[in-house]
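Residue numbers (UniProt numbering): 1 to 74.
From the three backbone atoms N, C-alpha and C, an ideal C-beta is built for every residue, glycine too.
Here the structure is a predicted model, which is why all the values come from computation and not from measurement.
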């Protein structure tokens, strides 16, 4: 009887372990639709960032920062 109970417990533990491993490793990445949405969002963000960086005010500020950095006395 003792061997039978031990075998049942061991078998159940293996089932639980396998289930937990599937749950942990089950979602390894994005599906194609998620990639598409991610790419569209990244392109939209890049376009908005490009517009901000190439605007007159921001361009002047960036040039000023770079100019001050290049003229630092060492």
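When secondary structure is reduced to three states using DSSP, residue 63 falls in the helix class. Taken through DSSP and simplified to helix, strand or coil, residue 73 comes out as coil.
Per DSSP, residue 31 is not a residue of any alpha helix (DSSP H), being assigned neither H nor E.
One thing to note: residue 52 has its Cβ within 9 angstroms of the Cβ of residue 58.
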